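Worksheet for the structure shown next.
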Amino acid sequence: NGTCFPTSNSSYYCICPNGLLDTLMSCSDSPCHYLSTCQQISNTNSINYKCICPDYLTGDRCQYTNNCQKKPCYNQGSCISLGSQNNFMCLCQPGYGHYDCSIYLGLSCNSNVCLNGGK
1 NGTCFPTSNS SYYCICPNGL LDTLMSCSDS PCHYLSTCQQ ISNTNSINYK CICPDYLTGD
61 RCQYTNNCQK KPCYNQGSCI SLGSQNNFMC LCQPGYGHYD CSIYLGLSCN SNVCLNGGK
């Protein structure tokens, strides 16, 4: 049920669908992206390794580009990489909106925009 990819050493790694785990892999199987570092984990019941990603990669095996590396959020918005290529979400500061927090909405918590006692 997984998607498998060749690695540089005539081996392969597979990405399992959500909810499924490959419990038999270890760092010797090269499960991480070739630009990341694999850290062996002992005394666990399910996953035997952890991939340490460089800043520009994300995902459990560092298989996705970290879209937040380019700082796409304006006006001090916080970026969350959503794991697939070119997908991110900005958490905007109060008063700002749009997908990249680039539009000033003119609203803030002090504007009393809530009705019926809302805060």
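Residue 94 in this note's numbering sits at position 94 of the sequence shown, and the numbers go up by one each step. We put the beta carbon where it would ideally sit given N, CA and C, even for glycine. Since this is a predicted model, take the numbers as computed values, not measurements.
The three-state secondary structure of residue 28, taken from DSSP, is helix. Ranked by Cα distance from residue 65, the first of 88, 75 and 49 is 88. Beta-bridge partners assigned by DSSP to residue 90: 79. When secondary structure is reduced to three states using DSSP, residue 63 falls in the coil class, being assigned neither helix nor strand.
A check of alpha carbon separations from residue 77 across 63, 62 and 94 identifies 94 as the nearest.
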